[in-house]
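Data first, discussion second: the structure below is written as structure tokens.
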Amino acid sequence: MMERWLLIGRIALRNLRRQLRRSLLTASAMVLGVGLLMFVRALEGGAHLMYVDTATRMGTGHVSMEHPDYMGSQDLADRIAARDLALLLEAVATSVPPGELVALFPQVNVGGLAQSATSSVPVRISGVDPALESGVSFFAQQVVEGRYLEPGDRLEAVVGIGVAERLRLELGSRLVLMAAGAQGDLESQLVLVTGIFRTGIPEVDRGVVHLPLPTAREWLELGGDVTSVSVILASDQRTGSVAEAVRGRLTEEGVAGDRLAVRPWWEAMPDLYAGLRADAVQTYIMLLVLLAIVALAVVNSILMAVLNRTREFGVLRALGLNRRAVGAMVLVEGVFLTLASGLVGMLLGLALSMGVFGDGVDISFIFGGELAFAGSVMEPVIQPAVLAGDVVAILTIVIAIGILATLYPAWHATRIEPAEAMKTDE
Amino acid sequence: MSDETQRPHAPAVETRALWKTFGQGETAVHAVHDVSLTIGQGEFVALCGPSGSGKTTLVNLIGGLTDPTRGEVRVDGRDVGAMSEPERAQLRLERIGFVFQAYNLLPVLTAMENAEFPLMLRGVPKDERRKAVSALFREIGLEGLEDRRPGALSGGQQQRVAVARAVLGAPALVLADEPTANLDTQASDALLGIMELLNQERRVTFIFCTHDPRVMRRARRIIRLVDGHVERDAEKESGSLPDWVLEPVGAG
Ligand SMILES: Nc1ncnc2c1ncn2[C@@H]1O[C@H](COP(=O)(O)OP(=O)(O)OP(=O)(O)O)[C@@H](O)[C@H]1O
Ligand SMILES: [Mg+2]
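Here it is as structure tokens:
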């Protein structure tokens with residue numbers, strides 16, 4: 004039995020070699036199509052990693068913890084109490100593997116008004132701890148004038164360039180921040196502009212102000228409370244499991260659920276997540292259309308190979324191969340051709356992503372300035388990233404094409420009537 | 007597997023009221039027209055008759071390569087019409103060898119591989135296969151050509167490989183549809199000699215379709231078809247050629 008299938012496989016492979024030119028032409032279509040899919044997805048994956056990296060470093064973190072209602076209400080009443088904060092910090096420390104934790108920082112985030120001598124704008128005000136965020140803060144890297152917050156600052160504040168322009172602020176300008184405090188009363192705080200940042204994301208540049216966390220707490224009468232705690236991890240791959248572990252710890256402590264929500268970034272920033280997903284889906288659809296055309300070429304090529312060998316299939320049947328075995332022979336031929344060329348295509352994609360363009364692809368010539376996307380931004384040099392999920396998806400696509408493209412020709416081969424086949428010359 | 011219908015000394019081939027009709031109504035062609043035949047084990051039979059008389063259709067029916075419109079075919083006592091497609095394939099693999107007029111061989115296999123193909127399908131071990139093929143190749147003058155692809159063999163050599171392939175599995179029956187039509191006199195004689203030898207040594211039943219008087223001369227039974235039915239069926243001495251075989255239709 005084994006012998007029979009080996010024989011069928013051998014004949015199939017020799018037939019591919021016999022039609023070398025046809026096989027190579029079909030294979031090169033597959034190689035190019037799959038290689039392109041792989042490379043384009045690696046570019047997109049790299050871009051997405053950058054978006055995620057930026058977005059997490061803008062304050063949300065890979066995992067963020069807030070009062071469960073805060074995301075909807077943005078009301079200081081829905082905050083993390085000081086005693087829960089202590090439990091939470093400990094839970095994170097014990098459940099994140101060592102080396103994975105890059106930063107862990109509490110923040111106070113509140114909506115309010117920024118007012119200068121001339122006018123006022125609505126802003127999102129963040130009280131941050133520059134010591135804890137040092138090295139990871141996205142804003143610290145985007146300062147275009149002055150400096151970012153430093154440990155020991157009290158009344159210093161950093162504003163987006165749009166805020167500065169609309170309020171006519173310069174370094175050293177005074178600025179009054181107003182927001183509802185913990186008691187529900189309107190509170191105001193005088194700060195001095197010490198730095199201006201420019202992120203490239205319009206809504207951020209036009210509406211964000213940072214000031215030191217202790218100042219924010221005092222101003223809003225929060226005591227030791229905060230609104231959110233963010234965890235930055237060494238790699239996004241652990242986000243899900245870390246969120247799960249922290250949630251587990253906090254559930255044991257009895258604080259998760261009612262008082263605390265632990266969210267991976269894709270839950271904390273659903274817009275960004277949906278945007279990235281839609282982007283990837285769009286790319287796959289586009290490239291699947293391309294691969295469908297390649298698949299048609301494969302169907303055509305295998306079908307021609309079957310039609311050209313009608314007589315041979317008649318001989319095989321006369322020799323005692325049944326329909327199934329004849330179909331299997333064609334399947335082996337087609338699946339081998341597509342699988343082998345698909346794998347070569349994947350290698351080509353890998354080589355492009357990690358070798359030829361391994362140092363990054365500068366796409367600024369297409370877009371010019373910054374690339375803002377769903378509240379995040381990326382640099383114009385994309386570092387291609389080959390993601391495990393894409394490799395699996397592309398491999399699945401290759402196998403599916405191999406089988407689908409060969410099914411019809413194989414079915415056709417099983418329908419060949421030996422008596423009729425023997426009448427043809429082919 | 008014991009098949010009820012299999013009899014130990016069943017004839018090699020039996021057909022009962024066999025019909026094959028192509029098309030319908032006024033354009034219908036009765037390619038095989040009520041043919042009932044019994045061909046015993048070890049016979050050496052030539053099917054002759056004018057072009058279009060149904061010879062090819064009849065051997066295709068016997069080999070299960072096409073379905074009868076009506077009637078019954080038994081090979082080795084087993085009803086071919088009652089078999090499923092895989093069973094029929096198995097029957098061909100084990101009991102029937104085919105030799106066609108031309109392009110019999112698989113172009114991607116060597117002469118050796120072509121000849122041993124049915125044995126391979128049947129899972130015969132390599133040593134045994136090679137021994138059997140080598141012995142037969144020596145006997146029929148194919149020695150030294152084992153590793154050639156069909157494209158590098160002459161027509162006569164290809165036909166000899168095809169005959170080797172047909173008889174190697176010790177079939178009950180070899181069906182040969184004009185095996186000598188593409189060969190010159192010398193090659194035909196060589197091929198026929200081989201088939202006669204195998205018929206005598208191995209008791210393989212041979213049925214030929216042929217227009218070739220040399221083939222008919224060697225046959226020991228001649229069946230003449232006209233318009234799909236048996237017009238004459240006679241045993242004869244090997245070497246003789248009755249005059250009726252070549253007569254024009256209707257003159258017999
Ligand atoms: N697939 C088919 N469809 C329609 N008619 C067919 C088909 N196959 C054979 N026939 C007809 O059946 C008849 C018998 O054909 P067959 O091929 O059996 O003749 P033959 O005796 O082998 O002829 P030849 O000596 O030329 O090979 C012919 O009239 C032929 O036209
Ligand atoms: Mg014929």
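So the protein sequences, as listed, match chains A and B.
4 is the number of the first residue of the first sequence in our numbering; add one for each residue after it.
7 is the number of the first residue of the second sequence in our numbering; add one for each residue after it.
We put the beta carbon where it would ideally sit given N, CA and C, even for glycine.
Within chain B, partners of arginine 250 of chain A - CB distance below 7 angstroms: As a first step, residue 250 of chain A is located in the first sequence; it is residue number 247 there, counting from the start. What arginine 250 of chain A touches in chain B: nothing, since even the nearest Cβ is about 58 angstroms away.
Simplified DSSP assignment, three categories, for phenylalanine 106 of chain B: Sequence index remark: in the second sequence, residue 106 of chain B carries index 100 (1-based). Phenylalanine 106 of chain B: coil per DSSP, three-state reduction.
- request: Give me every residue whose Cβ sits closer than 7 angstroms to any heavy atom of ligand 2, in chain order.
  value: B:Lys61, B:Thr62, B:Asp183, B:Glu184, B:Cys215
message: Within 10 Å of its beta-carbon, does histidine 22 of chain A have 16 or more other beta-carbons around it, so buried, or fewer, so exposed?
response: Here the question's residue 22 of chain A lines up with position 19 in the first sequence. The sequence given here places glutamine at residue 22 of chain A; histidine does not occur at that position. When all chains shown are included, glutamine 22 of chain A counts as buried.
query: methionine 24 of chain A: which of A:Ala416, A:Leu279, A:Ser304 sits nearest, CA to CA?
result: For the purposes of this step, residue 24 of chain A is taken as residue 21 along the first sequence, with counting starting at 1. Looking at the sequence provided, one finds arginine at residue 24 of chain A rather than methionine. That would be A:Ser304, whose Cα lies nearest to the Cα of arginine 24 of chain A.
query: Do phenylalanine 104 of chain B and ligand 1 come close, with the Cβ less than 6 angstroms from some heavy atom?
result: As a first step, residue 104 of chain B is located in the second sequence; it is residue number 98 there, counting from the start. It does not: the Cβ of phenylalanine 104 of chain B is nowhere closer than 6 angstroms to a heavy atom of ligand 1.
Whole beta strand (DSSP E) elements within the stretch 253-280 of chain A, 3-residue minimum: 264-267
task: Show which residues of chain A have a CB atom less than 7 angstroms away from the CB atom of leucine 189 of chain B.
output: The count along the second sequence starts at 1 and reaches residue 189 of chain B at position 183. The premise fails here: leucine 189 of chain B is roughly 18 angstroms from chain A at the closest Cβ pair, so nothing lies under 7 angstroms.
message: Assuming contact is defined by CB atoms lying nearer than 7 angstroms, are valine 161 of chain A and histidine 213 of chain A in contact in what I supplied?
response: Counting from one through the first sequence, the residue named residue 161 of chain A turns up at place 158. Counting from one through the first sequence, the residue named residue 213 of chain A turns up at place 210. Yes. Within cutoff.
message: Please return the same chain residues whose Cβ sits closer than 8 angstroms to the Cβ of leucine 127 of chain B, not counting the five positions on each side in sequence.
response: Within the second sequence, the letter at position 121 stands for residue 127 of chain B. Closer than 8 angstroms at Cβ, skipping near neighbours: Leu99.
- request: Return the Cβ separation of leucine 340 of chain A and leucine 19 of chain A in integer angstroms, given the expectation that the two are a contact with Cβ distance under 8 angstroms.
  value: Translated into positions along the first sequence, residue 340 of chain A becomes position 337. Translated into positions along the first sequence, residue 19 of chain A becomes position 16. Going by Cβ atoms, the distance from leucine 340 of chain A to leucine 19 of chain A rounds to 6 angstroms, so yes, they are a contact pair.
- request: Sort out for me which residues DSSP pairs methionine 41 of chain A with in a bridge.
  value: Counting from one through the first sequence, the residue named residue 41 of chain A turns up at place 38. BP columns for methionine 41 of chain A are empty, so no partner.
Contact set for aspartate 9 of chain B: own chain, Cβ-Cβ below 7 angstroms, skip 5 residues either direction: Position 3 of the second sequence, counted from the first residue, corresponds to residue 9 of chain B. Its pLDDT being 46, under 50, aspartate 9 of chain B is placed unreliably in this model, and the value from its coordinates should be taken loosely. For aspartate 9 of chain B, where only same-chain residues beyond five positions count, the Cβ hits under 7 angstroms are Arg84.
message: When you measure from the CB of alanine 37 of chain B to every non-hydrogen atom of ligand 3, does any distance come out below 6 angstroms?
response: As presented, the structure is devoid of ligand 3, carrying ligand 1 and ligand 2 as its sole ligands.
message: Please list, in chain order, the chain B residues whose beta carbon lies closer than 7 angstroms to that of asparagine 325 of chain A.
response: On the first sequence, position 322 is the one that residue 325 of chain A refers to. The contacting residues are Glu91, Pro92, Ala95.
field: Beta-carbon spacing of glycine 77 of chain B, alanine 37 of chain B below 7 angstroms
entry: Locating residue 77 of chain B in the second sequence gives position 71, where the first residue counts as 1. Locating residue 37 of chain B in the second sequence gives position 31, where the first residue counts as 1. Not in contact: glycine 77 of chain B and alanine 37 of chain B (Cβ atoms no closer than 7 angstroms).
query: Along chain B, in chain order, which residues have C-beta atoms closer than 8 angstroms to that of isoleucine 14 of chain A?
result: In the first sequence, residue 14 of chain A corresponds to position 11, counting from 1. Leu112, Val114, Leu115, listed in chain order.
field: Helix, strand or coil at aspartate 9 of chain B [DSSP, three-state]
entry: Working through the second sequence from its first residue, we reach residue 9 of chain B at position 3. Here aspartate 9 of chain B scores only 46 on pLDDT, less than 50, and its place in the model should not be relied on; the value that follows carries that caveat. Reduced to three states, the DSSP call for aspartate 9 of chain B is coil.
Below-7 angstroms beta-carbon distance, threonine 72 of chain B vs any chain A residue: Along the second sequence, read from residue 1 onward, the residue named residue 72 of chain B stands at position 66. Answer yes: the Cβ-Cβ gap between threonine 72 of chain B and chain A drops below 7 angstroms somewhere.
query: Out of B:Gly245, B:Leu252, B:His235, B:Ser246, which has the shortest C-alpha to C-alpha gap to histidine 217 of chain B?
result: Locating residue 217 of chain B in the second sequence gives position 211, counting from the first residue. Per the Cα distances, B:Leu252.
field: Nonlocal neighbours in the same chain, by C-beta distance under 7 angstroms from glutamine 163 of chain B, ignoring five residues either side
entry: In the second sequence, residue 163 of chain B corresponds to position 157, counting from 1. Cβ neighbours of glutamine 163 of chain B beyond the five flanking positions: Leu148, Leu151.
- request: Pull out every residue of the stretch 153-185 of chain B whose Cβ sits closer than 7 angstroms to any Cβ of chain A, in chain order.
  value: none
- prompt: Using a C-beta to C-beta distance shorter than 7 angstroms, which residues of chain B count as neighbours of methionine 425 of chain A?
  reply: Translated into the one-based positions of the first sequence, residue 425 of chain A becomes position 422. Under the 7 angstroms cutoff, chain B gives Phe106.
- request: In the DSSP assignment, find the alpha helix (DSSP H) that holds leucine 159 of chain B and state where it starts and stops.
  value: As a working note, residue 159 of chain B is residue 153 in the second sequence. That residue, leucine 159 of chain B, is in no alpha helix (DSSP H); it is neither H nor E in DSSP.
query: Considering threonine 27 of chain B, what are the terminal residues of the beta strand (DSSP E) in which it resides?
result: For the purposes of this step, residue 27 of chain B is identified with residue 21 of the second sequence, where counting begins at 1. It spans 19-28 - the beta strand (DSSP E) in which threonine 27 of chain B sits, taken as one unbroken run.
field: phenylalanine 28 of chain B CB to nearest heavy atom of ligand 1 below 6 angstroms
entry: Here residue 28 of chain B refers to the residue found at position 22 when the second sequence is read from its first residue. Yes, the Cβ of phenylalanine 28 of chain B comes within 6 angstroms of a heavy atom of ligand 1.
query: With C-beta atoms as the reference, is isoleucine 45 of chain B less than 7 angstroms away from valine 19 of chain B?
result: Translated into positions along the second sequence, residue 45 of chain B becomes position 39. Translated into positions along the second sequence, residue 19 of chain B becomes position 13. A contact, by the Cβ cut-off of 7 angstroms.
message: Any beta carbon of chain B sitting closer than 7 angstroms to that of arginine 7 of chain A?
response: On the first sequence, residue 7 of chain A is found 4 positions in, with the first residue counted as 1. Cβ-Cβ to chain B under 7 angstroms: yes for arginine 7 of chain A.
message: Whether or not the stretch 227-243 of chain B and the stretch 54-65 of chain B are in contact is what I'm after, with contact meaning three or more pairs of Cβ atoms, one per stretch, closer than 8 angstroms; do they touch?
response: yes
Environment of tryptophan 8 of chain A [buried if 16+ CB atoms lie within 10 Å]: Indexing the first sequence from 1 puts residue 8 of chain A at position 5. With fewer than 16 other Cβ atoms within 10 Å, it is exposed.
task: Establish whether the CB of proline 421 of chain A and some CB of chain B are separated by less than 7 angstroms.
output: Residue 421 of chain A sits at position 418 when you count from the first residue of the first sequence. By this cut-off, proline 421 of chain A is an interface position.
message: Let's test the definition: count the other Cβ atoms within 10 Å of the Cβ of isoleucine 296 of chain A and tell me whether it reaches 16, buried, or not, exposed.
response: Taking the first sequence and counting its residues from 1, one reaches residue 296 of chain A at position 293. Looking at its Cβ environment, which holds fewer than 16 other Cβ atoms inside 10 Å, isoleucine 296 of chain A is exposed.
message: Using 7 angstroms as the threshold, is the C-beta distance between phenylalanine 214 of chain B and alanine 182 of chain B below it?
response: Locating residue 214 of chain B in the second sequence gives position 208, counting from the first residue. Locating residue 182 of chain B in the second sequence gives position 176, counting from the first residue. A contact, by the Cβ cut-off of 7 angstroms.
field: Where the beta strand (DSSP E) containing isoleucine 128 of chain A begins and where it ends
entry: On the first sequence, position 125 is the one that residue 128 of chain A refers to. Isoleucine 128 of chain A -> beta strand (DSSP E) spans 123-131.
- request: Examine ligand 1 and report whether any of its heavy atoms sits within less than 6 angstroms of the Cβ of serine 59 of chain B.
  value: The count along the second sequence starts at 1 and reaches residue 59 of chain B at position 53. Indeed, a heavy atom of ligand 1 lies less than 6 angstroms from the Cβ.
field: Element boundaries [beta strand (DSSP E), containing phenylalanine 141 of chain A]
entry: As a first step, residue 141 of chain A is located in the first sequence; it is residue number 138 there, counting from the start. Unbroken run through phenylalanine 141 of chain A is the alpha helix (DSSP H), 141-144; no beta strand (DSSP E).
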